[in-house]
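To start, the structure under review is shown below, and the notes come after it.
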Amino acid sequence: MSTQLKPEISEQDHTRGNKKAQLEIVEYGDFQCPACGDAEPLLEEMLDQFNSVLSLTFRNFPLKDAHKFAYGAALAAEAAGKQGKYWEMHDLLFSNQDSLNETHLIGLAERIGLDTEVFERDLRSKDAVDKIEADFESGARSGVNGTPTFFVNGTRFDGGAADLYQIIKDNATMN
Numbered sequence: 005m006s007t008q009l010k011p012e013i014s015e016q017d018h019t020r021g022n023k024k025a026q027l028e029i030v031e032y033g034d035f036q037c038p039a040c041g042d043a044e045p046l047l048e049e050m051l052d053q054f055n056s057v058l059s060l061t062f063r064n065f066p067l068k069d070a071h072k073f074a075y076g077a078a079l080a081a082e083a084a085g086k087q088g089k090y091w092e093m094h095d096l097l098f099s100n101q102d103s104l105n106e107t108h109l110i111g112l113a114e115r116i117g118l119d120t121e122v123f124e125r126d127l128r129s130k131d132a133v134d135k136i137e138a139d140f141e142s143g144a145r146s147g148v149n150g151t152p153t154f155f156v157n158g159t160r161f162d163g164g165a166a167d168l169y170q171i172i173k174d175n176a177t178m179n
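First residue of the sequence shown: 5, per this note's numbering; consecutive thereafter.
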């Protein structure tokens with residue numbers, strides 16, 4: 005099983021934090037996954053504390069068989085990204101994991117000020133579907149078989165967000 009990220013981070017990815025970071029974290033996640041939802045506050049804290057040395061990239065890995073609304077939520081994030089609001093939608097999806105049906109997704113789009121007519125069209129766009137499929141395929145090629153799965157500087161990290169946070173915190177205080 006691969007332990008290397010394939011492909012590397014590119015302009016097609018959704019990345020926040022320092023784009024020239026010493027530490028590049030890639031998360032393969034599912035918006036309806038409870039463990040991904042639990043990891044989210046820790047990832048936010050890492051970005052807040054270590055934003056000068058850290059970047060976070062999110063790649064879609066919706067587990068459709070386990071999470072009924074995961075794929076639709078990924079489509080919503082990609083559709084919001086078309087209007088420059090990917091991360092706003094990303095955050096709302098995680099904070100509303102218990103209500104990710106299509107009706108609620110439209111409400112979330114309104115909440116962050118999206119043009120809902122455009123959003124609804126983009127939900128069904130080939131671009132959004134292609135992006136999610138490309139993310140999922142890259143996860144499969146990288147050895148991802150569950151969510152969340154993290155890669156640090158291109159190498160799979162076998163641990164959860166709390167473990168990752170502790171290692172980064174320990175290394176940051178040592179430097």
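Glycine residues also receive a C-beta, built at the ideal position from the N, C-alpha and C atoms.
Inset, instruction - Consult DSSP for Q53 and reduce its assignment to one of helix, strand or coil. - result: DSSP places Q53 within a helical segment (H, G or I) once states are collapsed to three.
Inset, instruction - Please work out which residues of its chain come closer than 8 Å, Cβ to Cβ, to T120, disregarding the five sequence neighbours upstream and downstream, and give them in chain order. - result: I110, A113 and E114, listed in sequence order.
Inset, instruction - Drop a sphere of 10 angstroms on the beta-carbon of K24, count the other beta-carbons inside from all chains shown, and report buried for 16 or more, exposed for fewer. - result: Exposed: under 16 other Cβ atoms inside 10 Å.
Inset, instruction - Assuming L27 contacts S146 (C-beta within less than 8 Å), just tell me the rounded distance between them. - result: Contact annotation, L27 with S146: C-beta distance approximately 18 Å; criterion of less than 8 Å not satisfied.
Inset, instruction - Pair every Cβ in the segment 153 to 164 with every Cβ in the segment 78 to 88, then say whether three or more of these pairs are closer than 8 Å. - result: Taking 8 Å as the limit for Cβ pairs, the verdict is that the segment 78 to 88 does not touch the segment 153 to 164.
Legend entry - Exposure label - G185; buried when at least 16 CB within 10 Å: Beyond the ends of the chain as shown, which are 5 and 179, falls residue 185; an answer cannot be given.
Inset, instruction - Would you kindly check if the distance between the Cβ of A77 and the Cβ of L97 is under 8 Å? - result: Yes, these two residues count as a Cβ contact at 8 Å.
Inset, instruction - Within its chain, find whatever has a CB closer than 6 Å to the CB of N64; leave out the 5 residues flanking it on each side and keep chain order. - result: Cβ-Cβ distances below 6 Å link N64 to A78, I136 and D139 in the same chain, with the five nearest sequence neighbours on each side left out; the list follows chain order.
Legend entry - Contacts around L46, its chain only, beta-carbon distance under 7 Å, and the 5 residues preceding and following it disregarded: Cβ within range, chain order: A165, A166 and Y169.
Inset, instruction - Would you mind reading off the limits of the beta strand (DSSP E) that contains G33? - result: Its beta strand (DSSP E) spans residues L27 to G33.
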